[in-house]
Every structure is written in structure tokens, then in C-alpha cells.
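Asks:
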Amino acid sequence: MWPRRSGMTRRVTVGVALTLALFVAGVPAQGAVFSDILGDPNQRGIEKLTIAGVLVGFPDGMFRPAQPITRLAVVEALAKGLDLTGAGSIPAYKDLAEIPEAVRPAIAALLNTGAVSQQKAELKKGDVVYTLATDKAVYGTEDPVDLTLTVMNTGAGDVKFMFPTTQQFDFIVKRGDAEIAKWSLGQTFVQGGLDLILAPGKSFVYNTRWLQKDQDNHAVPVGPYEIIGISPAKDNPVTLSLQFQKGLLSSFPDNTFRPNGQVSRAEFAALVVRALGRQGEATQKASAPLSINDAADVPATLHGYVAVALDRKILAPSGDGLFRPNAPTTRGEAAGALASVMNALNKFNYVRGKLVSITQNDITVSVEAQAVQSYALTPQVAVYRNDRVAAPQDLKPNDQVLMLLTGPRGRAGYIEATGQ
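Under UniProt numbering, read the sequence shown as residues 1 to 420, first letter to last.
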């Protein structure tokens, strides 16, 4: 279904010379939020996700990075990390009673989250470049998908377009061979042709919005879809397409969810690659060689996902070159991979600024030309300077800092600094 486009504006107010006097007792530990992750290859990912509230540790103060992560914990972390909210109910799984009600919206969100294979498809014909693009890579349950078809003249002379009717473009969503939604349905076009001239350096730009619904206004079910943009010029018709995957998560054939079950590394690779919107890339790499010593153990249906996860350094083989695709994903591995996904999708709510001063208890940064703000440090603040573990006193004035805050009062729990 295609609604009329609408927009929103947002106003941001910046306080000048604002200082928050928030102090905590104790000396922050150096470089590790949990005592059992110091030196772990996924230490920074663990710290980022716990400070951001995406994953939590255990009551004994440990994170247990080597412990397998459950399907339920993966779902909850992904939904939080991608800022997804669920709509509607989840299926009547046989083991529904094992799924806490508080987590069911997260499952609904991942069952219905959409992701495009790539955000842009492009084709050049002569001096004309055609582009079909979406506004983002991953979509929540009810997020509209904004589509743009652009026709640009990159040459030095005029280009003439002759259309058989007054229709200059179309957008279609298909599942297999069936049309699910079509922009031009219900539109009126005049016969007799339309001739348009596109000057050098100029573009025709066509926009629409798909609500992830069919022509009957029903939400589309889980599955793969093709989004098509069409320029129907008589002498040079062009069709571009993008792949859209509805649903990042799947259930089991016996209608169970298995919330307390484990997630293999290959299955986890598929989940995070879909979350990145790289389904199409995984399809292209379904037969690509894998730079691991146990490639034969990767399930054929997950081969492309593992290839993408390796190429993009989301998951890594061990020192012996083994990926261990059927081994359970650990909590540490999940944290490292999810941190990579959140970084790629700009999902971390960083505070950025220039360091003014820092003590064992608080940090003051300049966030604008004349705006200064202070934050308390958590007792176990994780600090890095120039990509090395550091202590708060190692940071220097004028360092560029990037921080993650935690708690209702916004304490700094993770700090990255760069400087001379």
C-alpha cells in the first residue's frame, strides 16, 4: 500500500555552560567492566553492549563470555540493539509457556523486521544513470519503506524521454511472480504520449512510500520480496530491483521456538547478516570460497551468510583457522558481533566532544563551541586511549572523546579517546 508522503521536523536545544555535579565513590577499574573479560577478544564489544543496556552480566559480577548464549537472549539483545518494537502477537508455539511475556514483543519484532539486500541499485545507459534506493537498510515492524527512483543525465547534451502515456515511473513489490503492491494501481494516465527533455546535470526524481502491506492493506507475511522501480520510456525502458527480506528470525518446523536452546555460529552469522541488510550479498556468495579450514562443515543453506560474516569481520575463525560453524555461539562472540552490527547501523547513542578535564569520579567535555557538560564515571568505567586500554588519568585535555552513558542519571561507563 502506498500512502501520501509526509514529513516531520525536530527541534534540538543545546544548553550552554551546563555542568552536572554527579559524583560516585570508589576508584574506577582500568579497562574492564567485568573482571572475567579482561583480555577477551570481544572485551570492547561486551563493554559497549552492557553499558548500552543491550546485554547484562550476572549477579556475581561476571559476564561469562565463554558461556553459550540462548536463543531468547539473542532475540532480546538484537531487538534492544536495533531499537525494534514488536506489534501484534507471536505464533502459538508449542513451547510458548517457556517464553516470558516481557520478551514476546522482541520476538514479534524480529519475526517482522525487514531488511533490504542493499540500499541502492544503479544502472548506466549511455549518459543516463538510473538509481533505485531505500532510505535505510533495516526496518521495524511497521516502519514505512521510503523509495526513490532517480534518472540523472551525466552527459553534456540534452536527453529526450518519450513515454507512451503520462506515466513516468512505477514501483512494484513482488513475492515470487505475484504482485503484492503496485504504485500505479488506481492511478489515471492520459494516452497519447509524453515527451520530456532532461538537461545536462539534471535529474528526474520519483518518490513513494511502501507500508510493508499488500494492496488490501494487510501486513505482508515473513518471506523474501522484490522491490522494483521502473522507468517506462518507449525507447529505453529500465527496470531496477532490490531484495527485501521480511523477518530476521525463523521458528522450527515442529512449531517450537526453543527459547533456552543454543544458536550455532553459522545460524548466528545468518541472523546478524540479515540484521545488517546483507541478505543479497549472502545470496551472491552462496558458493564463494571460505577462508577457513572447516568450510566443508558449513551448512550449504548458510554458506553465503558465513562468507559475509567473515568478509566483514563480524565473526572470526580461531587461531587454528577453524570457524566451528556448528558450535554454539558464546556470550562473548554474540556481544562482539552485535557491537559490529550496531556500529555499522549507527545504533550506539554516543556522546562526542573534546575533553576539558577528568578525575577519578567525573569527566567534563566540550560538546559544542561553548557548551561544557560534566558526567559522573561509573566505578568500573572502561577507558581506551588511541585503541589501548587506559585509566582515566591517562586521558589528556583536548583529546577527542566518545562516550556511552548508563543509568537514569547518565553516568559515563565507556570512554574512547584519541589524541597526541
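Built from N, CA and C at the ideal position, the CB exists for glycine as well. Fair warning: this is a prediction, and the values are worked out from it, not measured in the lab.
#1: Is Asp399 buried or exposed, if buried means 16 or more other CB atoms sit within 10 Å of its CB?
#2: Does the stretch 276 to 294 come close enough to the stretch 100 to 117 to have 3 or more Cβ pairs within less than 8 Å?
#3: Could you spell out the range, first to last residue, of the beta strand (DSSP E) harbouring Arg209?
#4: Could you pull out every residue in the same chain whose Cβ sits closer than 7 Å to the Cβ of Arg242, ignoring the five residues on either side in sequence?
#5: Can you have a look at Thr418 and say buried or exposed, based on whether 16 or more other CB atoms are within 10 angstroms of its CB?
#6: Examine the Cβ distances between the stretch 56 to 71 and the stretch 259 to 267 and report whether three or more of them are shorter than 8 Å.
#7: Round the Cβ separation of Leu110 and Val75 to the nearest angstrom and send it over; I've been treating them as touching at under 8 Å.
#8: Within its chain, find whatever has a CB closer than 6 Å to the CB of Lys160; leave out the 5 residues flanking it on each side and keep chain order.
#9: Less than 8 Å between CB atoms is the rule here; does Val308 satisfy it with respect to chain B?
#10: What is the DSSP secondary structure of Glu76, counted as helix, strand or coil?
#11: What distance in whole Å lies between the Cβ atoms of Leu402 and Tyr350, which are believed to be in contact at a cut-off of 8 Å?
#12: Please say whether Tyr225 and Lys174 have beta carbons closer to each other than 8 Å?
#13: What number of angstroms, rounded off, separates the C-alpha of Lys285 from the C-alpha of Ala300?
#14: For the alpha helix (DSSP H) holding Ile180, just list the boundary residues, first then last.
#15: Between Thr150 and the rest of its own chain, which residues show a CB-CB distance below 6 Å, the 5 nearest in sequence each way excluded?
#16: So, do the stretch 47 to 66 and the stretch 88 to 104 have three or more beta carbon pairs nearer to each other than 8 Å?
#17: Starting from the N-terminal side, write out each stretch of the beta strand (DSSP E) that is 3 residues or longer and does not extend beyond the stretch 104 to 173.
#18: Taking one C-beta from the stretch 358 to 368 and one from the stretch 388 to 397 each time, how about it: are there three or more such pairs within less than 8 Å?
#19: Give every residue of the same chain whose Cβ lies closer than 7 Å to the Cβ of Val190, excluding the five residues on either side of it in the sequence, and list them in chain order.
#20: Is Lys48 buried or exposed, if buried means 16 or more other CB atoms sit within 10 Å of its CB?
#21: Grouping DSSP H, G and I as helix and E and B as strand, with all else coil, what is Gly304?
#22: Please state if the CB of Leu315 and the CB of Ala337 are separated by a distance shorter than 8 Å.
#23: Let me make sure I understand the geometry here. Which of Arg44, Asn207, Ser231 and Lys246 has the alpha-carbon closest to that of Lys213?
#24: So Ala307 and Leu290 are in contact, right, with Cβ under 8 Å, and what is the actual spacing, rounded?
#25: Under three-state DSSP, which class holds Gly61?
#26: Does Thr364 come out as helix, strand or coil in the three-state DSSP assignment?
#27: Pick from Gly410, Leu194 and Phe34: whose alpha carbon is nearest that of Asp235?
#28: Of all the options Ala269, Arg411 and Gly413, which has the alpha carbon lying nearest to the alpha carbon of Thr329?
#29: Which partner residues of Ala376 appear in the DSSP bridge assignment?
#30: Are Leu147 and Thr239 close, meaning C-beta to C-beta below 8 Å?
#31: Do you know how far the Cα of Ile46 is from the Cα of Tyr375?
#32: Using alpha carbons as the reference points, say which of Ala92, Ala79 and Gly39 lies closest to Ala66.
#33: Mark Arg331 as exposed unless 16 or more other C-beta atoms lie within 10 angstroms of its C-beta, in which case mark it buried.
#34: Please state if the CB of Ser357 and the CB of Pro325 are separated by a distance shorter than 8 Å.
#35: Would Lys354 and Ser340 qualify as a contact pair, given that the criterion is a beta-carbon distance under 8 Å?
#36: Does the Cβ of Leu185 have 16 or more other Cβ atoms within 10 Å, making it buried, or fewer, making it exposed?
Replies: So, from the listed chains and residues:
#1: Taking the sequence shown and counting its residues from 1, the one referred to as residue 399 is at position 399. Under this definition Asp399 is a buried residue.
#2: yes
#3: Residue mapping note: residue 209 aligns to position 209 of the sequence shown, counting from 1. Ser203 to Trp210 is the span of the beta strand (DSSP E), which, as asked, contains Arg209.
#4: Translated into positions along the sequence shown, residue 242 becomes position 242. For the sequence presented, residue 242 should be read as Leu rather than Arg. So the list reads Val116, Ser117, Gln118, Ala121, Leu132, Thr134 and Ile227, once near-sequence residues are dropped.
#5: As a working note, residue 418 is residue 418 in the sequence shown. Exposed, since its Cβ has fewer than 16 Cβ neighbours within 10 Å.
#6: yes
#7: Within the sequence shown, numbered from 1, the residue matching residue 110 stands at position 110. Within the sequence shown, numbered from 1, the residue matching residue 75 stands at position 75. With a Cβ gap of about 6 Å, Leu110 and Val75 count as contacting.
#8: Within the sequence shown, residue 160 is the residue found at index 160, counting from 1. So the qualifying residues of the chain are Ile197.
#9: The structure shown contains no chain B, having only a single protein chain.
#10: As a first step, residue 76 must be located in the sequence shown, where it is residue number 76. Looking at Glu76 - three-state DSSP - the assignment turns out to be helix.
#11: As a position in the sequence shown, residue 350 is number 350, starting the count at 1. As a position in the sequence shown, residue 402 is number 402, starting the count at 1. At roughly 5 Å, the Cβ-Cβ gap stays under 8 Å, so Tyr350 and Leu402 are in contact.
#12: Residue numbering aside, residue 174 sits at position 174 when the sequence shown is read from its first letter. Residue numbering aside, residue 225 sits at position 225 when the sequence shown is read from its first letter. Their beta carbons are under 8 Å apart, which means Lys174 touches Tyr225 by this criterion.
#13: Numbered from 1 along the sequence shown, position 285 holds the residue referred to as residue 285. Numbered from 1 along the sequence shown, position 300 holds the residue referred to as residue 300. The straight-line gap from Cα to Cα measures roughly 11 Å.
#14: Locating residue 180 in the sequence shown gives position 180, counting from the first residue. Note, Ile180: premise wrong, no alpha helix (DSSP H); beta strand (DSSP E) at Ala178 to Lys182.
#15: Residue 150 sits at position 150 when you count from the first residue of the sequence shown. Correct list, in chain order: Thr131, Ser203 and Val205.
#16: no
#17: 114 to 116, 120 to 125, 128 to 134, 145 to 153 and 159 to 165
#18: yes
#19: Taking the first residue of the sequence shown as position 1, residue 190 is located at position 190. Closer than 7 Å at the Cβ level, and outside the excluded window around Val190, lie Thr165 and Thr166.
#20: Within the sequence shown, the letter at position 48 stands for residue 48. Per the 10 Å Cβ criterion, buried.
#21: The residue labelled residue 304 in the question sits at position 304 within the sequence shown. DSSP places Gly304 in helix when its eight states are reduced to three.
#22: Residue numbering aside, residue 337 sits at position 337 when the sequence shown is read from its first letter. Residue numbering aside, residue 315 sits at position 315 when the sequence shown is read from its first letter. Going by C-beta atoms, Ala337 is nearer than 8 Å to Leu315.
#23: Working through the sequence shown from its first residue, we reach residue 213 at position 213. Nearest of Arg44, Asn207, Ser231 and Lys246 to Lys213, Cα basis: Lys246.
#24: Taking the first residue of the sequence shown as 1, we reach residue 307 at position 307. Taking the first residue of the sequence shown as 1, we reach residue 290 at position 290. Confirmed, about 6 Å.
#25: As a first step, residue 61 is located in the sequence shown; it is residue number 61 there, counting from the start. Coil.
#26: Sequence index remark: in the sequence shown, residue 364 carries index 364 (1-based). DSSP places Thr364 in strand when its eight states are reduced to three.
#27: The residue labelled residue 235 in the question sits at position 235 within the sequence shown. Cα-wise, what sits closest to Asp235 is Leu194.
#28: Sequence index remark: in the sequence shown, residue 329 carries index 329 (1-based). Of the candidates Ala269, Arg411 and Gly413, the one whose C-alpha sits nearest the C-alpha of Thr329 is Ala269.
#29: Translated into the one-based positions of the sequence shown, residue 376 becomes position 376. Paired residues: Asp362.
#30: Here residue 147 refers to the residue found at position 147 of the sequence shown. Here residue 239 refers to the residue found at position 239 of the sequence shown. It is not a contact, given that the beta carbons lie outside the stated cut-off.
#31: On the sequence shown, position 375 is the one that residue 375 refers to. On the sequence shown, position 46 is the one that residue 46 refers to. Their Cα atoms are separated by approximately 22 Å.
#32: The count along the sequence shown starts at 1 and reaches residue 66 at position 66. Closest by alpha carbon: Gly39.
#33: Here residue 331 refers to the residue found at position 331 when the sequence shown is read from its first residue. That one is buried.
#34: By 1-based counting over the sequence shown, the position of residue 325 is 325. By 1-based counting over the sequence shown, the position of residue 357 is 357. Their beta carbons are not under 8 Å apart, which means Pro325 does not touch Ser357 by this criterion.
#35: Here residue 354 is taken as the residue at index 354 of the sequence shown, counted from 1. Here residue 340 is taken as the residue at index 340 of the sequence shown, counted from 1. Not in contact: Lys354 and Ser340 (Cβ atoms no closer than 8 Å).
#36: What you label residue 185 is simply residue 185 of the sequence shown in a count that begins at 1. Answer is exposed; the Cβ neighbour count stays below 16.
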